[in-house]
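Novice: One structure coming up, written as structure tokens, with questions to follow.
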Amino acid sequence: MENNSFNYEIVEHIGTLKQAGNITTELNIISFNGGEPKYDLRKWDKPANRMYKGISLSKEEIKTLKDLLNEIKL
């Protein structure tokens with residue numbers, strides 16, 4: 171029988187990008203199912219204990235993303 175349980179641990183909260191009511195968009199370092207922690211950007215509804223779809227990036231991927239963002243002229 172398969173174990174379909176899902177768990178996560180927020181290892182470090184880096185910051186909140188946006189808040190609208192109870193919904194926040196946050197950058198965290200999260201370990202999913204006891205795995206290697208990854209940088210994770212997603213929306214959360216903390217009072218309802220709900221996470222929405224997001225994106226998880228390894229340290230190398232976040233470094234590449236940082237380099238790409240630094241190239242953007244704002």
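Numbers given in the working numbering equal positions in the sequence shown, counted from 1, plus 170.
Here a beta-carbon is modelled for each residue, glycine too, at the ideal position from N, C-alpha and C.
#1: Quick check: the Cα distance between glutamate 153 and tyrosine 209, rounded to an integer number of angstroms?
#2: Reducing DSSP to helix, strand and coil, say where asparagine 198 ends up.
#3: Roughly how many angstroms lie between the CA atoms of serine 201 and valine 181, to the nearest whole one?
#4: Give the list of continuous beta strand (DSSP E) stretches no shorter than 3 residues that lie fully inside the stretch 214 to 244.
#5: Of all the options Lys216, Glu241 and Gly205, which has the alpha carbon lying nearest to the alpha carbon of threonine 194?
Specialist: Once the coordinates are examined:
#1: The question about residue 153 has no answer here: the residues shown for the chain are numbered 171 through 244.
#2: strand
#3: Rounded to whole angstroms, serine 201 to valine 181 spans 7 Å at the Cα level.
#4: 220 to 227
#5: Lys216
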